[in-house]
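Enquirer: The numbering of the sequence shown is the working numbering, which starts it at 172 and goes up by one. Don't be surprised by glycine CBs; every beta carbon is placed ideally from N, CA and C. Quick one: the structure is below, questions incoming.
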Amino acid sequence: MNCPTCNAANPSGARFCNNCGTRLPTGCPNCGHVNQPGSKFCNNCGFKLDAAGAPAADVSPASPLDRYLPPELRAKLEAARSTRAGADERRIVTILFCDVKGSTAAASQLDPEEWAEIINGAFEHMIAPIYRYEGTVARLMGDGILAFFGAPIAHEDDPQRAALAGLEIVQGIADYCVLVQRRWGLPLEVRVGINTGLVLVGEVGSDMRTEYTALGDAINIAARMEQTAQPGTVQVAEDTWRLVAPLFEWQDLGTLDIKGKAEPLHTYRPLRQRARPGRVRGLESHGIGSPVVGRAREMAALRQALHALQDGRGGVISLIGEAGLGKSRMLAEVRESIAGERLRWREARSLSYSTAMPHFLSIEALRALIDAPPDADGETTGRALRAALGSAGSDHYPTLAHLLGVPLDEDETMMVRFLDGPALLARYVEACRA
């Protein structure tokens with residue numbers, strides 16, 4: 172960063188100029204925008220800064236975990252913890268355990284520095300998905316991690332976030348495991364266990380040391396899920412499965428005896444996200460149907476819009492209401508009512524954890540249009556896109572493939588490589604319209 176006063180170059184993260192001592196502009200901990208010294212609020216997102224224009228909270232790394240933590244998430248965590256400082260809370264939390272199987276034997280075969288290099292690389296693959304879905308890594312445990320979804324930051328879909336993070340961990344670390352095998356001759360296998368339940372969360376410890384953690388039987392069950400999971404898989408306890416069952420495809424693993432439990436525990440293995448997820452709330456999520464009552468006018472308007480669509484007249488409908496008023500129920504009813512008609516229903520959702528993912532809703536809509544599942548690899552997605560475009564739309568393939576993250580050949584890459592953000596967005600819009 173160059174000093175605004177003397178133009179001297181300063182290292183990244185410097186607070187004062189090393190040539191003239193002027194306070195340097197600082198990045199907002201919420202959005203990263205650089206504000207001028209003296210700013211009290213970020214002029215990009217409105218986040219409160221201190222009187223000197225620096226972040227109000229100390230965002231310097233305070234623990235080994237902080238080097239993995241995105242600045243914007245660190246600010247959210249600090250804010251959530253500061254509002255509950257010193258207070259223990261009873262919360263429903265989804266707990267995720269992840270570890271490297273057989274690490275003790277593997278470590279004994281290597282120099283400690285080599286093993287540290289391996290395990291630090293593994294941690295990066297384990298931790299990144301957790302932070303992507305705004306979970307909290309509570310503890311590093313030698314060869315594993317303990318993470319919470321729902322404390323201190325809570326979301327309505329924390330069990331889903333935990334399951335998605337678990338799947339991304341075991342899928343994303345696969346190539347790294349191959350690299351470790353090739354370089355050091357060691358098998359590296361990761362497993363994940365997840366459970367949801369009531370815990371007591373807060374600062375635990377003594378005057379010598381404290382840490383933010385959770386206490387309760389749900390933690391023990393999550394640990395047992397991880398210990399008994401097959402390498403390279405995620406194992407989920409029944410309490411979590413009930414909350415997210417319609418969202419994933421599952422393998423029923425049967426029951427598992429848990430020490431200290433009178434009854435065996437049913438466990439499941441998530442395989443992938445469903446291409447068309449079901450509902451996780453309402454009576455229908457439990458297999459109970461009921462007619463829509465008191466919404467005749469709204470249902471008539473929705474059906475009228477669909478009939479207009481059949482005649483070639485599109486449009487936009489906003490269905491707005493507080494949680495629990497039946498928005499999803501009405502859409503499900505309308506969808507069922509058009510079965511057998513000359514319409515294809517394609518659905519895309521803007522999800523709570525997608526705010527940091529550029530063009531997420533557009534990508535989901537495009538995947539739905541070309542019938543590409545969310546977990547389809549690049550080759551499968553590319554084939555689906557070419558089939559949907561046909562020969563007439565082949566000129567738009569590189570642009571839309573780039574949007575979907577599909578690998579391109581050298582000639583196709585040159586068509587999008589040097590485009591900046593606004594130019595790419597214009598290309599995306601043009602291709603989708605065509």
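Measure the C-alpha to C-alpha separation of Ala602 and Glu518 and round it to an integer number of angstroms.
Expert: Indexing the sequence shown from 1 puts residue 602 at position 431. Indexing the sequence shown from 1 puts residue 518 at position 347. Near 19 Å, if we compare the C-alpha coordinates of Glu518 and Ala602.
Enquirer: Per DSSP, what kind of secondary structure is Ala222 in: helix, strand or coil?
Expert: Start at 1 with the first residue of the sequence shown, and residue 222 comes out as number 51. Residue placement at Ala222 cannot be trusted, given a pLDDT of 42 that sits under 50; what the coordinates show is reported in the next sentence. Reduced to three states, the DSSP call for Ala222 is coil.
Enquirer: Start and end of the beta strand (DSSP E) containing Thr265?
Expert: The sequence position of residue 265 within the sequence shown is 94, counting from 1. Looking at the DSSP string, the run of the beta strand (DSSP E) that includes Thr265 is 260-272.
Enquirer: State the DSSP-derived secondary structure class of Ala536, mapped to helix, strand or coil.
Expert: Within the sequence shown, the letter at position 365 stands for residue 536. In this structure, Ala536 counts as helix in the three-state DSSP scheme.
Enquirer: How would you call Lys272, buried or exposed, if buried means at least 16 neighbouring beta carbons within 10 angstroms?
Expert: Counting from one through the sequence shown, the residue named residue 272 turns up at place 101. Classification of Lys272: buried, given that the 10 Å Cβ count is 16 or more.
Enquirer: If Pro441 sits next to Ala572, beta carbons under 8 Å apart, how far is it from one beta carbon to the other, in whole angstroms?
Expert: The count along the sequence shown starts at 1 and reaches residue 441 at position 270. The count along the sequence shown starts at 1 and reaches residue 572 at position 401. In fact, because the Cβ distance is near 28 Å, the residues do not count as touching under 8 Å.
Enquirer: Counting C-beta neighbours from all protein chains within 10 Å, is the total for Glu550 16 or more, i.e. buried, or is it exposed?
Expert: Here residue 550 refers to the residue found at position 379 of the sequence shown. Exposed, because fewer than 16 other Cβ atoms sit within 10 Å of the Cβ of Glu550.
Enquirer: Could you tell me if Asp423 is buried or exposed, where buried requires 16 or more neighbouring beta carbons within 10 angstroms of its beta carbon?
Expert: Taking the sequence shown and counting its residues from 1, one reaches residue 423 at position 252. Flag for Asp423 reads exposed.
Enquirer: Is Tyr304 near Ala336, with beta carbons less than 9 Å apart?
Expert: Mapped onto the sequence shown, residue 304 falls at position 133. Mapped onto the sequence shown, residue 336 falls at position 165. For Tyr304 and Ala336, yes; Cβs fall inside 9 Å.
Enquirer: Which one or two residues does DSSP pair with Leu371 in a beta bridge?
Expert: By one-based count along the sequence shown, residue 371 stands at place 200. According to DSSP, Leu371 bridges with Arg261, Leu386.
Enquirer: Apart from the five residues on each side of it in sequence, which residues of its chain come closer than 7 Å, Cβ to Cβ, to Asp229?
Expert: Position 58 of the sequence shown, counted from the start, is the residue given in the question as residue 229. Its pLDDT being 41, under 50, Asp229 is placed unreliably in this model, and the coordinates cannot settle the point.
Enquirer: What is the rounded straight-line gap between the Cα of Arg474 and the Cα of Ala559?
Expert: As a position in the sequence shown, residue 474 is number 303, starting the count at 1. As a position in the sequence shown, residue 559 is number 388, starting the count at 1. Answer to the nearest angstrom: the Cα atoms are 27 Å apart.
Enquirer: Does the beta carbon of Arg413 fall short of 8 Å from some heavy atom of the ligand FMN?
Expert: The ligand FMN is not part of the structure shown, which contains no ligands of any sort.
Enquirer: Buried or exposed: which applies to Pro323, given that a residue is buried once 16 or more other Cβ atoms fall within 10 Å of its Cβ?
Expert: For this step, residue 323 is matched to residue 152 along the sequence shown. Under this definition Pro323 is a buried residue.
Enquirer: Between which two residues does the alpha helix (DSSP H) containing Gln342 stretch?
Expert: Counting from one through the sequence shown, the residue named residue 342 turns up at place 171. Residue range 329-343 is occupied by the alpha helix (DSSP H) that includes Gln342.
Enquirer: I'd like to know whether the C-beta atoms of Glu535 and Arg557 end up nearer to each other than 9 Å.
Expert: For the purposes of this step, residue 535 is taken as the residue at position 364 of the sequence shown. For the purposes of this step, residue 557 is taken as the residue at position 386 of the sequence shown. No, they are not a contact pair.
Enquirer: Scan the segment 561-589 and note each continuous beta strand (DSSP E) run of 3 residues or more that stays entirely inside, going in chain order.
Expert: Entirely contained in the segment 561-589, not one beta strand (DSSP E) run reaches 3 residues.
Enquirer: Just to confirm, is the Cβ distance from Arg468 to Gly497 under 9 Å?
Expert: Residue numbering aside, residue 468 sits at position 297 when the sequence shown is read from its first letter. Residue numbering aside, residue 497 sits at position 326 when the sequence shown is read from its first letter. Contact flag unset, no.
Enquirer: Can you check which of these residues, Asp329, Ala276, Thr275, Ser274, is closest to Ile301 by C-alpha distance?
Expert: As a working note, residue 301 is residue 130 in the sequence shown. It is Asp329.
Enquirer: Please check the pair Gly692 and Phe319, which I expect to be a contact at CB under 8 Å, by giving their CB distance rounded to whole angstroms.
Expert: In the structure as shown, the chain starts at 172 and stops at 605, and residue 692 therefore has no counterpart that could be examined.
Enquirer: Report the three-state DSSP secondary structure of His296 (helix, strand or coil).
Expert: Translated into the one-based positions of the sequence shown, residue 296 becomes position 125. In this structure, His296 counts as helix in the three-state DSSP scheme.
Enquirer: With 16 other CB atoms within 10 Å as the buried threshold, where does Phe589 fall?
Expert: Counted from its first residue, the sequence shown places residue 589 at position 418. Answer is exposed; the Cβ neighbour count stays below 16.
Enquirer: Which first and last residues belong to the alpha helix (DSSP H) in which Glu478 is found?
Expert: Taking the first residue of the sequence shown as position 1, residue 478 is located at position 307. The question names Glu, but residue 478 is His in the sequence shown. Counting along the chain, the alpha helix (DSSP H) containing His478 begins and ends at 467-481.
Enquirer: With a threshold of 8 Å on Cβ separation, who are the neighbours of Thr426 within its own chain once the five nearest residues in sequence on each side are excluded?
Expert: The sequence position of residue 426 within the sequence shown is 255, counting from 1. The answer, listed in chain order, is Pro435, Leu436, His437, Thr438.
Enquirer: Could you tell me whether the segment 275-293 touches the segment 397-409, where touching means 3 or more Cβ pairs closer than 8 Å?
Expert: Too few Cβ pairs lie closer than 8 Å, so no.
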